[in-house]
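Report on the structure given below.
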Amino acid sequence: AQKVTQAQTEISVVEKEDVTLDCVYETRDTTYYLFWYKQPPSGELVFLIRRNSFDEQNEISGRYSWNFQKSTSSFNFTITASQVVDSAVYFCALRRSQGAGSYQLTFGKGTKLSVIP
Amino acid sequence: NAGVTQTPKFQVLKTGQSMTLQCAQDMNHNSMYWYRQDPGMGLRLIYYSASEGTTDKGEVPNGYNVSRLNKREFSLRLESAAPSQTSVYFCASSVMTSGGPYNEQFFGPGTRLTVL
């Protein structure tokens, strides 16, 4: 069975601080896909990144960076110099690459990030 | 290009009433999905449609039915609403390539449903 754990339920930081959101996953598959989504207060889900399990290269996109470590089954998300607009709930998700359930995204319960001005 | 649209945005039902949530996408995606989001639970898949003409159960299908009307539209029906179905419902779509359904899903704005 697939499982995604986001142990941090809520995080508060002061604007311009760096913050890391943790994501730990469980799967028996050797190939799979990991995702991060952002859900701002307006409610929609915004896709941020997809990572293939065979590609452990870290990725940076502006103030966002992702650290994928297969050895520890973690896919952490760091926001550098946080801004108020980063306030949202962030979800980590896992998807099988093939087989039963491969259409399903298994979501973590989310981490609510509040950036205080 | 509107992406994924959902109607209605809000709905209040009484126990036992029925309703259909509508979803449409204009991105020419093959696959479409219905999720529900409950507080502290993340999102859970209700049903999905891998391609036009097919539908399959997800993690929490009980109490729901779906119809893939055409490539663009995927509806979710509650035949006899129950308070346990109070939730926010999201429709999503994704491209399915020859390698599999691993592409990211794009979500609609959600429908907030309350069942009294």
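So the sequences go chain by chain: F and D. Those letters in the first sequence? Residues 4 to 120, by my numbering. Those letters in the second sequence? Residues 95 to 210, by my numbering. Virtual Cβ for every residue (Gly too), placed ideally from N, Cα, C.
Go through its chain and collect everything with a Cβ distance to residue i's Cβ below 6 Å, but skip five positions before and after it.
{"i": "Leu24 (chain F)", "result": "Phe80, Tyr93 and Thr114"}
{"i": "Glu13 (chain F)", "result": "Lys115"}
{"i": "Pro43 (chain F)", "result": "Ala91"}
{"i": "Val160 (chain D)", "result": "Tyr141, Thr149 and Leu170"}
{"i": "Asp32 (chain F)", "result": "Arg99"}
{"i": "Lys73 (chain F)", "result": "Glu59"}
{"i": "Ser2 (chain F)", "result": "With chain F covering 4 to 120 only, the question about residue 2 (chain F) has no answer from this structure."}
Just the C-alpha distance for residue i and residue j, rounded to the nearest angstrom, thanks.
{"i": "Ser76 (chain F)", "j": "Leu107 (chain D)", "result": "42 Å"}
{"i": "Ala4 (chain F)", "j": "Pro155 (chain D)", "result": "18 Å"}
{"i": "Phe71 (chain F)", "j": "Leu210 (chain D)", "result": "44 Å"}
{"i": "Ser56 (chain F)", "j": "Phe201 (chain D)", "result": "23 Å"}
{"i": "Leu170 (chain D)", "j": "Gln9 (chain F)", "result": "29 Å"}
{"i": "Thr34 (chain F)", "j": "Ser100 (chain F)", "result": "6 Å"}
{"i": "Gly152 (chain D)", "j": "Glu29 (chain F)", "result": "19 Å"}
{"i": "Thr114 (chain D)", "j": "Asp132 (chain D)", "result": "19 Å"}
{"i": "Asn124 (chain D)", "j": "Gln199 (chain D)", "result": "11 Å"}
{"i": "Ala96 (chain F)", "j": "Arg54 (chain F)", "result": "10 Å"}
{"i": "Ser143 (chain D)", "j": "Met190 (chain D)", "result": "11 Å"}
{"i": "Gly65 (chain F)", "j": "Gly110 (chain D)", "result": "49 Å"}
{"i": "Thr205 (chain D)", "j": "Gln105 (chain D)", "result": "7 Å"}
{"i": "Pro102 (chain D)", "j": "Ala118 (chain D)", "result": "12 Å"}
{"i": "Met135 (chain D)", "j": "Arg98 (chain F)", "result": "17 Å"}
{"i": "Asp58 (chain F)", "j": "Gly102 (chain F)", "result": "20 Å"}
{"i": "Trp121 (chain F)", "j": "Tyr36 (chain F)", "result": "The structure shown does not extend to residue 121 (chain F), since chain F is modelled only from 4 through 120, so no value can be given for it."}
{"i": "Thr180 (chain D)", "j": "Glu62 (chain F)", "result": "38 Å"}
Strictly below 8 Å CB to CB, what residues from chain F border residue i?
{"i": "Met135 (chain D)", "result": "Lys112"}
{"i": "Ala96 (chain D)", "result": "By Cβ distance, chain F contributes nothing, its closest Cβ being about 13 Å from Ala96 (chain D), past 8 Å."}
Cβ closer than 7 Å: which chain F residues qualify as neighbours of residue i?
{"i": "Leu107 (chain D)", "result": "Neighbours of Leu107 (chain D) on chain F: none; closest Cβ ~20 Å, over 7 Å."}
{"i": "Ala118 (chain D)", "result": "Result: empty, since nearest Cβ-Cβ is about 16 Å, beyond 7 Å."}
{"i": "Ser181 (chain D)", "result": "The contacting residues do not exist; Ser181 (chain D) stays about 13 Å from chain F at best."}
{"i": "Gly152 (chain D)", "result": "Gln107"}
Could you name the residues of the same chain whose beta carbon sits closer than 7 Å to that of residue i, not counting the 5 residues immediately before and after it, in chain order?
{"i": "Ser15 (chain F)", "result": "Ser117 and Ile119"}
{"i": "Val17 (chain F)", "result": "Ile119"}
What does residue i reach in chain A if we use C-beta pairs closer than 9 Å?
{"i": "Leu24 (chain F)", "result": "Reference to chain A is not applicable here, since the protein chains of this structure are F and D."}
Spatial neighbours of residue i within its chain, please: C-beta separation below 8 Å, excluding the five flanking residues on both sides.
{"i": "Asn164 (chain D)", "result": "Glu146"}
For residue i, return the contacting residues in chain D, with the cut-off set at a CB-CB distance below 7 Å.
{"i": "Leu48 (chain F)", "result": "Phe184 and Phe201"}
{"i": "Arg53 (chain F)", "result": "Glu198"}
Please list the partners that residue i has in chain D, where partner means a Cβ-to-Cβ separation under 9 Å.
{"i": "Phe94 (chain F)", "result": "Gly136 and Leu137"}
Report yes or no: do three or more beta-carbon pairs, one from the segment 179 to 190 of chain D and one from the segment 95 to 107 of chain D, lie closer than 8 Å? Contact check between the segment 179 to 190 of chain D and the segment 95 to 107 of chain D: three or more CB pairs, one atom from each, fall below 8 Å, which counts as touching.
Mind pulling the beta strand (DSSP E) runs of 3 or more residues that sit fully within the segment 14 to 97 of chain F? For the segment 14 to 97 of chain F, whole beta strand (DSSP E) runs of length 3 or above, ordered along the chain, are 22 to 24, 27 to 29, 35 to 42, 49 to 55, 62 to 64, 67 to 72 and 77 to 82.
Looking at C-beta atoms only, is the number of pairs between the segment 166 to 175 of chain D and the segment 23 to 37 of chain F that lie closer than 8 Å three or more? The answer is no - the segment 23 to 37 of chain F does not touch the segment 166 to 175 of chain D, with fewer than three Cβ pairs under 8 Å.
List, from N- to C-terminal side, the beta strand (DSSP E) runs of 3 residues or more that fit wholly inside the segment 103 to 182 of chain D. If we require 3 residues or more, the beta strand (DSSP E) runs fully inside the segment 103 to 182 of chain D come out as 104 to 107, 113 to 119, 125 to 132, 136 to 143, 158 to 162 and 168 to 172.
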